[in-house]
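Working notes for the structure below.
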Amino acid sequence: MQSNGFVPQRTYSTTKKIVFWSKIGILVLIVSYIIFTLHRQQHDLQSVRAYWKAANWFSWPAILLLLLTPVNWLLEALKWQILVRRVEPLSLKEATQGVLAGLAMGFALPAQLGDTAGRLLSLRSDQRWQGIGAALVSGGMQFLAAVFFGTIALYSQLYYGSGDLPVAQWLLFFALVLTLLLAVLATWQRHRVLHSKVRWVRRWEKYWSVASHYTTAELLQAFGAASLRYLTFSLQFYFALTIFGIHLPIRETVTGIGLVYLGKTIIPAFNLLSDLGVREATSMLVFGQWQVPAPQILSATLTLWLFNILAPVLAGLFWVWKLKLSNH
Numbered sequence: 009m010q011s012n013g014f015v016p017q018r019t020y021s022t023t024k025k026i027v028f029w030s031k032i033g034i035l036v037l038i039v040s041y042i043i044f045t046l047h048r049q050q051h052d053l054q055s056v057r058a059y060w061k062a063a064n065w066f067s068w069p070a071i072l073l074l075l076l077t078p079v080n081w082l083l084e085a086l087k088w089q090i091l092v093r094r095v096e097p098l099s100l101k102e103a104t105q106g107v108l109a110g111l112a113m114g115f116a117l118p119a120q121l122g123d124t125a126g127r128l129l130s131l132r133s134d135q136r137w138q139g140i141g142a143a144l145v146s147g148g149m150q151f152l153a154a155v156f157f158g159t160i161a162l163y164s165q166l167y168y169g170s171g172d173l174p175v176a177q178w179l180l181f182f183a184l185v186l187t188l189l190l191a192v193l194a195t196w197q198r199h200r201v202l203h204s205k206v207r208w209v210r211r212w213e214k215y216w217s218v219a220s221h222y223t224t225a226e227l228l229q230a231f232g233a234a235s236l237r238y239l240t241f242s243l244q245f246y247f248a249l250t251i252f253g254i255h256l257p258i259r260e261t262v263t264g265i266g267l268v269y270l271g272k273t274i275i276p277a278f279n280l281l282s283d284l285g286v287r288e289a290t291s292m293l294v295f296g297q298w299q300v301p302a303p304q305i306l307s308a309t310l311t312l313w314l315f316n317i318l319a320p321v322l323a324g325l326f327w328v329w330k331l332k333l334s335n336h
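Last residue of the sequence shown: 336 (the numbering used here), numbering continuous.
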């Protein structure tokens, strides 16, 4: 009998327990920050409900927000299709099914385990585990896209002198630039890195080996798809802000969106309900500097979560069911 390799672990090491409780701590801090901010502004979730009721859901921003949701996930599927072809060629439809299955499985499972599992289980190849490298490169490309555009947004904030703690922000800026440079260097020297004689690198070589076979053109195509996807959900964020009457100058809007997604990217994800709360807390912190009321920004970010995460997850549940049937 062929095993799919995904066997639940009954015990946790001390390290895993520390990571788990650290993420729970982050969750508590984020939720506490949201509650504190709403209480300080003398608003509650009733205000959010009032904004939702007052919103014009048949306006062009709302319609475009909805129409861009499949575009968002089709671009993710295109990126996955480009990278996984070294393991198994997939059609765009098959790649989309795998992405949606991974999104549904990753809705509650920790550390991107569900997302990777859903994608790998959607493959028919006997070498599924080689797909781990493709999945990690896919996630890495999206991470780099968020860091790239987030670094530009952070520089804009620093250049125009807005925000507090400029020293800390400059340190973060240089750390992000260093991260991007190291990523370019690692990509350039990927063959040497992946075939390093370092023991801990060689231990995982069979999972990462697929990454050494990518051409520069393939990596650029994947990064292009990741960048287009980033711009797509950033545009969705803009439409969500518009729906709830948040109208800022274009520079502040673009900078704010970039900083929100940067924060969401670099803050450790606890993956409870697909990191629900990280975007909300970051948005309230970033847009709060321009005196945007907390209930308005919370309404916008929750709407974005419903459109971009919850709706595709519900669609992905169907493919998770099919994966279970096909693997028993």
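We put the beta carbon where it would ideally sit given N, CA and C, even for glycine. Predicted model, so just to flag it, every value in this text is computed and none were measured.
| query | result |
| --- | --- |
| Report the option in L74, S67, A58 whose CA atom is closest to the CA atom of L314. | L74 |
| Go through the segment 242-301 residue by residue and report every complete run of the alpha helix (DSSP H) that reaches 4 residues or more, in order. | 258-274, 286-296 |
| When DSSP labels each residue in this structure, what does V107 get in the three-state scheme? | helix |
| Between which residues of its own chain and L128 is the CB-CB distance below 6 Å, once the five residues before and five after are set aside? | R136, G139 |
| Inspect the beta-carbon positions of L293 and L162 and report whether they are closer than 8 Å. | no |
| Just curious, the alpha helix (DSSP H) that R127 is in, first and last residue? | 121-129 |
| Which class does T223 belong to by DSSP, given the choice of helix, strand or coil? | coil |
| With H, G and I counted as helix, E and B as strand and the rest as coil, what does DSSP make of L333? | For L333, the predicted model reports a pLDDT of 43, less than 50, meaning its position is unreliable and no value from the coordinates is stated. |
| I'd like to know whether the C-beta atoms of I265 and S242 end up nearer to each other than 8 Å. | yes |
| Quick check on the DSSP output: the alpha helix (DSSP H) that includes S164 runs from which residue to which? | 139-167 |
| Hey, out of V321, G232, F326, P303, whose CA is closest to W60's CA? | P303 |
| One question on the structure: do Y269 and A112 come within less than 8 Å of each other, judged by their Cβ atoms? | no |
| What's the call for W196, buried or exposed, on a 16-neighbour Cβ count within 10 Å? | exposed |
| Please look up how many angstroms separate the CB atoms of V286 and I275, rounded, as I've assumed it's under 8 Å. | 5 Å |
| If I'm right that L152 touches F245 with Cβ under 8 Å, what's the distance once you round it to whole angstroms? | Not quite, the Cβ-Cβ distance comes to about 19 Å (not below 8 Å), so this is no contact. |
| Please classify Y222: is it buried, with 16 or more other beta-carbons within 10 angstroms of its beta-carbon, or exposed? | buried |
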